[in-house]
Structures are given as C-alpha cells and as structure tokens.
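For the sequence shown, our numbering assigns the number 192 to the last residue and increments by one with no breaks.
Even glycine gets a Cβ: it sits at the ideal position worked out from N, Cα and C.
Okay, structure first, notes after.
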Amino acid sequence: MFNKRKVAQMAAFFLNKSSDKRMPHLKLMKLLYLADREAVKQFGFSISHDMFVAMPHGPVLSQTLDLINGYDQSSEYDQSSEWESWISDKENHEVSLHKLFSYDNELDELSQAELAVLTDIWAEFGEMDQWTIRDWTHDNCPEWHDPHGSSYPIDFEKLAYAVGFDANIAQELKQAVEVEKQIEQFFNQL
C-alpha cells in the first residue's frame with residue numbers, strides 16, 4: 003500500500019545527502035524510481051509501493067510525482083500532511099528538505115535494508131545532474147519506452163523481468179502486487 007510518510011522519508015534521505023538540502027525535482031524523481039527499481043531487484047517489491055509510469059523524461063513514481071507537483075488526493079484517513087512535513091513545495095523546478103535531521107534512524111518508516119538500498123543508489127547516482135540521470139534511465143531501464151508526449155503504466159511484470167527475474171517469477175511477483183492492490187481496495191471500501 004502506498005505510504006506517503008514512507009515516500010516522504012525516502013525523498014528526505016536523498017535531499018539530506020545533497021549539500022544544500024535541495025535538488026531539481028527531476029533528479030529526485032529519478033533517484034526515487036531507481037531506489038524502488040533496486041528494491042524490486044533485491045526484494046521482489048518496491049519500497050514506496052507506488053505505481054510505475056513511463057513519461058517523456060523517463061520512468062516515474064505516479065503518486066509521488068503528484069505530491070512533488072502539489073497534487074494531494076488524500077483521503078481523510080491518509081497522512082495528509084506527511085509529505086509537507088518533510089518536503090518543501092516545488093519552486094523553480096526544485097524541491098528542498100523542510101524537516102532537518104541528523105541521523106538515518108529518524109527515518110522511522112524505512113527499514114535498515116531499505117536505507118541500504120537508498121545509500122547504494124545515492125553512491126551510484128547522487129553526483130549526476132538531473133539530465134544525466136534522466137538519460138541514464140532512458141538508456142538503462144528497458145521497462146521504459148518513450149511515450150511520445152503521453153504516459154502509460156509500466157507493468158510490474160515487465161519491470162521484474164528487466165531487473166533480472168525469469169519470466170515465471172516476474173509473473174508471480176506481478177500477481178502478488180495485484181493481490182496487494184485488491185486487499186488495499188477492499189480495506190479502502192470499509
């Protein structure tokens with residue numbers, strides 16, 4: 003189930019690593035996508051449980067992009083201010099860290115394994131600018147294809163296959179994600 007507080011803490015982790023605690027929203031989105039992609043590779047599921055979407059600038063996390071852009075469609079039950087408590091509004095195509103912190107253990111929604119994934123992604127991609135990391139995702143994420151000005155969902159099975167799972171396991175992982183979504187829909191109706 004998509005967890006706004008968790009994805010806000012993922013974003014906060016990366017922004018905290020940046021020397022001025024801010025970065026272009028395009029770069030942040032690519033770091034978040036690559037972290038989720040690596041989590042799928044290592045664990046069989048993403049950290050954010052967001053929906054993967056192909057857009058002209060590469061793959062994105064759909065609900066997270068809405069948060070970055072200021073579109074919050076929370077229900078009353080949802081953590082309506084969790085994103086805003088960690089991340090400042092986008093300004094001049096950049097986002098910044100709103101809530102300063104010193105230690106990763108303050109990111110209480112993230113497990114040690116998830117923090118390790120984020121650390122690895124930062125080590126590999128943190129020095130890239132937004133255009134270099136965007137181009138990297140275009141060239142190295144075969145689950146993404148240019149939607150030519152539009153967008154389309156990236157199938158979880160296709161993503162799982164792209165990160166190295168065989169076709170049968172990729173299909174099973176997709177089915178597990180679909181069951182999780184059905185359970186989430188059921189509880190949202192209560």
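- In this structure, the CA atom of Leu192 is about 36 Å from the CA atom of Leu28.
- Among the bridge pairs identified by DSSP, Glu159 is matched with none.
- Secondary structure note for Leu99: its beta strand (DSSP E) is the uninterrupted segment 96–99.
- Looking at Gln173, Gln132, Asp68, the one whose alpha-carbon comes closest to that of His59 is Gln132.
- Rounded to whole angstroms, the Cβ separation of Leu33 and Val97 is 11 Å, and the two are not in contact under 8 Å.
- For Leu161 against Phe54, the beta-carbon gap comes to about 6 Å, under 8 Å, which counts as contact.
- Burial is judged here by how many other beta carbons sit within 10 angstroms of a residue's own beta carbon; Ile185 has fewer than 16 and is exposed.
- The bridge partners DSSP lists for Ser90 are Ser98.
- Closest in C-alpha terms to Leu17, from the list Asp38, Asp106, Gly46, comes Asp106.
- The straight-line gap separating the alpha-carbon atoms of Ile156 and Glu108 is approximately 32 Å.
- Between the beta-carbon of Leu36 and that of Ile123 there is about 5 Å, and that keeps the pair under the 8 Å contact cut.
- When DSSP reads this structure, Gly60 sits in a beta bridge with Met57.
- Residues of the same chain with a CB within less than 7 Å of the CB of Pro149, apart from the 5 flanking positions on each side, are Ala56, Met57, Pro58 in chain order.
- The DSSP assignment places complete beta strand (DSSP E) segments of no fewer than 3 residues inside the segment 13–54 at 24–26, in order along the chain.
- No residue range can be given for Leu109, since it is assigned to no alpha helix (DSSP H) and is classified by DSSP as neither H nor E.
- Trp133: member of the alpha helix (DSSP H) spanning 132–142, first to last residue.
- Excluding the 5 residues flanking it on each side, Ala164 has same chain C-beta neighbours closer than 6 Å at Pro144, Glu145, in chain order.
- Cβ-Cβ distances below 7 Å link Gln65 to Phe4, Asp52, Met53 in the same chain, with the five nearest sequence neighbours on each side left out; the list follows chain order.
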